[in-house]
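Chemist: Sequential numbering of the sequence shown, starting at 917, is according to this note's numbering.
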Amino acid sequence: MSSLVDRRVLVTGGAGFLGRRVVALLEAAGASVSAPRSSQFDLTVPGAADQMLAEYQPTEIVHLAAQVGGIGYNLAQPAPLYLANLLMGTYIIEAARHASSVTKTVLVGTVCSYPKITPVPFAEDQLWNGYPEESNAPYGIAKKAHLIHAQVNAQQYGQRLAYLIPTNLYGPGDKFHPSVSHVIPALIKKCVEARESGADHVDVWGTGSASREYLYVDDAAQAIVRAAEADDQPGVVEPINLGADREVTVKETVETIAELVGFTGQLRWDPTKPDGQPRRGVDGSRANRLLGWKPTMDFDEGLRTTIDWYLANRAEAERDPHA
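1. Tell me the DSSP secondary structure of F1179 in three-state form.
2. Got a sec, what are the start and stop residues for the beta strand (DSSP E) D1119 sits in?
3. Write down every uninterrupted run of the beta strand (DSSP E) in the region 967–1030 whose length is 3 residues or greater and which is fully enclosed by it, in chain order.
4. Roughly how far, in whole angstroms, is the beta-carbon of W1121 from the beta-carbon of P1190, given that I think they are within contact range, below 8 Å?
5. What do you reckon, are the CB atoms on G946 and L920 nearer than 8 Å?
6. Can you tell me which of the three DSSP states I1033 falls into?
7. With H, G and I counted as helix, E and B as strand and the rest as coil, what does DSSP make of W1209?
8. Report the CB separation of K1020 from L1080 in whole angstroms; it is logged as a contact under 8 Å.
9. How many Å lie between Q956 and S1125 at the Cα?
10. Do you know offhand how far M1213's Cα is from R924's?
11. Tell me whether G1025 is buried or exposed, calling it buried when 16 or more other Cβ atoms sit within 10 Å of its Cβ.
12. Using DSSP bridges, identify the partner residues of V921.
13. Hey, would you say L1043 sits closer than 8 Å to P1194, going by beta carbons?
14. Hey, out of N1084, L1003, H1117, V1153, whose CA is closest to G1159's CA?
15. Would T1034 pass as a contact of N1052 if the rule is Cβ separation under 8 Å?
16. May I ask you to report which of helix, strand or coil DSSP gives D1186?
17. Does S954 come out as helix, strand or coil in the three-state DSSP assignment?
18. Taking Cβ to Cβ, would you say Y998 is nearer than 8 Å to Y1086?
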């Protein structure tokens, strides 16, 4: 591992849920951090990434900027979801290649890139064994294209890149607006509102049989900083899973959240709504081997801190990001 002291690190998406944690950790490690906003540089526009790097002259880049949402958003907006994410990563990779100051770029992919039916735990060499779950495919394939881009650039040009694949993130600061919320914030919001209104039931999408692996946001941020510091094998970019070593069904997730928020009514499942990918759980051994990283947050404790933050910050948590 190399030191980040006095390094100039640029973080795209640095004001976001994950980005704020990464920025704080990089600053704690002694780096000088820039986190320009999309209002300054629209990374889907040709040339914007080059202009950004020319202005900030970073030595490292952490690319976190993304257009994301839950199943409902993925189904409603697949075309812009695919194009925006594909372009942002593509332009960042190429701008970094041409910028003389940049020595390394860290890319963050998604567990949605894995095939719909993948043996659990997902190993990185299974990424190409099938098509992703349909509702997640546009986002997952756009992100997976960045892996190929990184690998061929590393091989042909010697560009240094890292590519990380986190599982479902959660934690304080997550997005709770229905248009973009993922599993955990959506369920927390439903159960809290049901308890407050005295409702006797909560409607939940799907059957509850699907499983997920939830990664606490601070654990993910630690891994990303480790990747920025790590010494790489020249010409090689290996995808690296980031997971929590615990596969949890959606049914268990909802039941735990309901208990923690004090909702005692019925959980009413709607099997006409999609479950998404049937199972998710990753093999995290490569992250441990290459980055010396393992997650530390207990799932129930992580849920409690997320619920506590939501209850104390309702207006911020439920803000519409598209407003």
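For every residue, glycine included, the Cβ atom is placed at its ideal position computed from N, Cα and C.
Modeler: Put simply:
1. coil
2. 1117–1121
3. 976–979, 1020–1024
4. 7 Å
5. yes
6. coil
7. coil
8. With a Cβ gap of about 13 Å, K1020 and L1080 do not count as contacting.
9. 43 Å
10. 29 Å
11. buried
12. Note: V921 sits in no beta bridge, so no partner.
13. no
14. N1084
15. no
16. strand
17. coil
18. no
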